[in-house]
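Sequence lines, in order, name chains B and L.
1 is the number of the first residue of the first sequence in our numbering; add one for each residue after it.
405 is the number of the first residue of the second sequence in our numbering; add one for each residue after it.
A short worksheet on the structure shown next.
Number of protein chains: 2
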Amino acid sequence: MGSIETKFEKLATDNAPGQETRQKAGTIETLLCGDSIAGTPVDFSHGDVDAFAPAPGSFEAFAAGVERGGRQAYTEYRGSLEIRTALAGRLADFTGAAVSADDGLIITPGTQGALFLAIASTISAGDKVAVVQPDYFANRKLVQFFDGEIVPVKLDYLDTRERAGLDLAALEDVFKAGAKVFVFSNPNNPAGVVYSRQEIETIARLAEHHGATVVVDELYSRLLYDKSPYTHLRATDIDPERVVTIIGPSKTESLSGYRLGTAFGSTRIVGRMEKLQAIVSLRAPGYSQAVLNTWFAEPAGWLSGRIAAHQAIRDDLLSKLAAVEGLRARKPEAGSYLFPRLPELAVSTQDFVRILRRQAAVTVTPGAEFGPHSTDSLRLNFSQDHKAAADAIGRLVELIGRYR
Amino acid sequence: MGSIETKFEKLATDNAPGQETRQKAGTIETLLCGDSIAGTPVDFSHGDVDAFAPAPGSFEAFAAGVERGGRQAYTEYRGSLEIRTALAGRLADFTGAAVSADDGLIITPGTQGALFLAIASTISAGDKVAVVQPDYFANRKLVQFFDGEIVPVKLDYLDTRERAGLDLAALEDVFKAGAKVFVFSNPNNPAGVVYSRQEIETIARLAEHHGATVVVDELYSRLLYDKSPYTHLRATDIDPERVVTIIGPSKTESLSGYRLGTAFGSTRIVGRMEKLQAIVSLRAPGYSQAVLNTWFAEPAGWLSGRIAAHQAIRDDLLSKLAAVEGLRARKPEAGSYLFPRLPELAVSTQDFVRILRRQAAVTVTPGAEFGPHSTDSLRLNFSQDHKAAADAIGRLVELIGRYR
């Protein structure tokens, strides 16, 4: 059983967002300095759906799904045809390229489900897979789980402006070296940066030239600040069969509790994803699927209001962090993550994260989850109650001072 | 990409229950004989949750989950501790052995999700896995997907009474030959037979002796007819760390639309399952988890009423099938499947299934899905409107006569 044990060790979730409650009392006692700081606990590891409520009409749409009965409970594995049909048009409008409701779209349990199925449907053991550093931690774990070989490509988000900062020359080298799949998130999770048109077009050209498949996680692509320009990879000249695009309503729309996501594009890959979904979880929750009827169909003004509220929090937290000497943070152009790099501390980042939770009731995700170059960074999901988040950043700043 | 294509070909879902709507018009035109027979369409590929409604209080429990907000939307990957705690006691009472809410129980998206995670967490490429024939089709597909080697063990359900009919000598040989995992459903899906105490105790003894892990799918173990005796494997002398038990509320309780299942037992395997769930779908749908508060806590009399209603349908359909010369069917002791073996027909079973759908609006699942010895059988889920099901069986009987 050696091999399977090693495999699951790589899937460690001890520091994953939301799992902090499972951490055993550690060895930080001897490191503690000073008293705890009182304040409303804030869990920056994920968004607070109590502060930003689920999009309007979601529960009513669910209730209508239950009312619809068996037809809604037992859909095709890829999801209800009726819902896929309504959604295909909206997703095509949003991304700027056609979506086939019949063969090119699958509804999944969250975008996590979509990502799992997409990776499982594109890579075989030993395949080289290009993965961005830093990027969403599950990308790395998924490639490892299916015995793919990770080939890292660095994102220099901190020292770049006007574009995300992907090392395009390195990406070309990686394709030349035989990588057949490229997986990345745009906007980038954790850095919140958006790939420029030139970056996306270069990715398209390189993938096309080297015959690679691209899985692009666009989970946060609706939450764009300052009308940031955004280029959907699928709307470029790339062969549509080379691209799977993933997006879902768990973040901007706060619908995570319903477990919904979608993947669309390549009919070949979507076909495989459905076959796999049949043995993974059968289908996205039947009644929940009905909630997608509200998606991309929210009341006028709802999305812009939500963006404005997040932008105000972003700016407030960033201004507080700017006061910390030696801390570096690029202003995110999209999404609800901040990814500041800490100044040098007297304790490890790992220990600081635990101290922060213990002494300040502030939960964050350590940067090491996202790649080996981010061990001194923290990810904070700022989709929170504004005042509570601002106060929590105050406590974070105080503890950075204390543990320098 | 040769290897991944082969891998996904083995996952074919064309004849899987619920996927019939995706079948292209086939070549059955030339085979058709006589006119169509009018009647209410019945889809025996799964239960009809409009005929047998979701268990009482399920929607209200879901609504309470939504009301609870973020705490319910973002649970631990293994599911809400509060709900696991309530559930652990009830599952322990039901199965006759302790369940650890903290380390030995995971909530999954359906029992399909539990089965996927359990198989993925116990087998490595090349491992020999004992699989019953016939048994739930996903067992075979899951082992194949993870590159395990299937070692079949025959269930002689048709010519056996008083026990399920597992070839225990063959099981012993398979363990001796190195099988490290045994996966089976009890009651058996598709045959509806229950393993006797002697069969379960022999499985326990053999697994213990040969150091094997057992994954037992007890999805239908609440729907027992005539107070049929039932032995939970986990309540035998077997080392609890060797067993994962799977059960969920999708069938008897008609809660499939909420996508809920549980797996419990081995803390080592449940730990792995959670790590994997983190990258497969994060967690069972958060709000849905709250529906489990109603599970094993239904109003007095509800379960016995549901059993009685199913038993009446079972007996009615079986008496109609008994009139067909050459057709063989064992009376199921549990669950809601009939698995009759057809007499010899002039068309293949595969074609007959399509003809049945075309000419009689009756959807069934071909026996070939469940194993190579069942190609002349059909699986019918009789959790249907009683009258519609009885009429549909009348049309089935008529078409058997027509296509002999």
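Idealized CB from N, CA, C, for every residue including glycine.
It should be emphasised that the depicted structure is a prediction, and the values quoted were computed from it without experimental measurement.
By the Cβ-count criterion, residue 23 of chain B is exposed, with fewer than 16 other Cβ atoms from all chains shown falling within 10 Å of its own Cβ. Inter-residue distance for residue 181 of chain B and residue 208 of chain B is about 11 Å (C-alpha atoms, whole angstroms).
Under the three-state reduction of DSSP, residue 431 of chain L is assigned to coil, being neither helix nor strand.
Annotation: the continuous alpha helix (DSSP H) that includes residue 315 of chain B extends over 302-322. When Cβ pairs closer than 8 Å are counted between the two stretches, the stretch 336-345 of chain B is seen to touch the stretch 367-377 of chain B, the count reaching three or more. Counting along the chain, residue 509 of chain L sits inside the beta strand (DSSP E) bounded by residues 509-512. Contact check for residue 243 of chain B against residue 105 of chain B fails: the beta carbons are separated by 8 Å or more.
Between residue 638 of chain L and residue 669 of chain L a beta carbon distance of about 6 Å is seen, short of the 8 Å cut, so the two are scored as contacting. With the rule of 3 Cβ pairs closer than 8 Å, the stretch 275-287 of chain B counts as touching the stretch 106-126 of chain B. When C-beta distances to chain B are compared with 7 Å, the residues of the stretch 435-466 of chain L below that value are 450, 452, 453, 454, 463, in chain order.
Of the candidates B:357, B:6, B:350, B:328, B:6 places its Cα closest to the Cα of residue 145 of chain B. Residue 542 of chain L has a beta carbon lying within less than 8 Å of a beta carbon in chain B. Under the 8 Å criterion on CB atoms, residue 692 of chain L is classed as interfacial with respect to chain B. Secondary structure note for residue 262 of chain B: it is in no alpha helix (DSSP H), and the uninterrupted beta strand (DSSP E) holding it is 261-265. Of L:617, L:699, L:805, the smallest CA-CA separation from residue 531 of chain L is found for L:617.
What residue 384 of chain B touches in chain L, judged by beta-carbon distance under 8 Å, is nothing: the nearest beta carbon there is about 10 Å away. For the stretch 70-87 of chain B, the set of positions with a beta-carbon nearer than 7 Å to some beta-carbon of chain L reads 70, 72, 73, 74, 76, 77 in chain order. Around the beta carbon of residue 302 of chain B, a 10 Å sphere encloses fewer than 16 other beta carbons of the protein chains shown; the residue is thus reported as exposed. Residue 412 of chain L has a beta carbon lying within less than 8 Å of a beta carbon in chain B. Among the CB atoms of chain L, one or more fall inside 8 Å of the CB of residue 280 of chain B. In this chain, the alpha helix (DSSP H) harbouring residue 202 of chain B covers 197-210. When secondary structure is reduced to three states using DSSP, residue 747 of chain L falls in the coil class, being assigned neither helix nor strand. Residue contact check for residue 113 of chain B against chain L: a CB pair falls below 8 Å.
Its Cα nearest to that of residue 643 of chain L, the residue L:610 stands out among L:476, L:610, L:737. Under the DSSP assignment, residue 184 of chain B falls in the beta strand (DSSP E) whose first and last residues are 181-185.
By the beta-carbon neighbour count (other beta carbons within 10 angstroms, threshold 16), residue 489 of chain L is exposed. By the criterion of at least three beta-carbon pairs nearer than 8 Å, the stretch 683-691 of chain L is not in contact with the stretch 527-542 of chain L. For the set B:74, B:172, B:336, the Cα lying nearest the Cα of residue 382 of chain B is the one of B:336. Annotated three-state conformation of residue 425 of chain L is helix, per DSSP. Shortest Cα-Cα distance from residue 248 of chain B to any of B:232, B:221, B:268, B:236 involves B:221.
Annotated three-state conformation of residue 337 of chain B is strand, per DSSP.
Around residue 22 of chain B, the beta-carbon contacts reaching into chain L at under 7 Å are 480.
Taking the CA atoms as reference points, residue 131 of chain B sits about 32 Å from residue 475 of chain L.
Note: residue 43 of chain B is bridge-paired with B:363 in the DSSP secondary-structure output. The alpha-carbon separation between residue 415 of chain L and residue 755 of chain L amounts to approximately 21 Å.
Unbroken alpha helix (DSSP H) stretches of 4 residues or longer found wholly inside the stretch 47-95 of chain B: 58-68, 70-73, 81-95, given in chain order.
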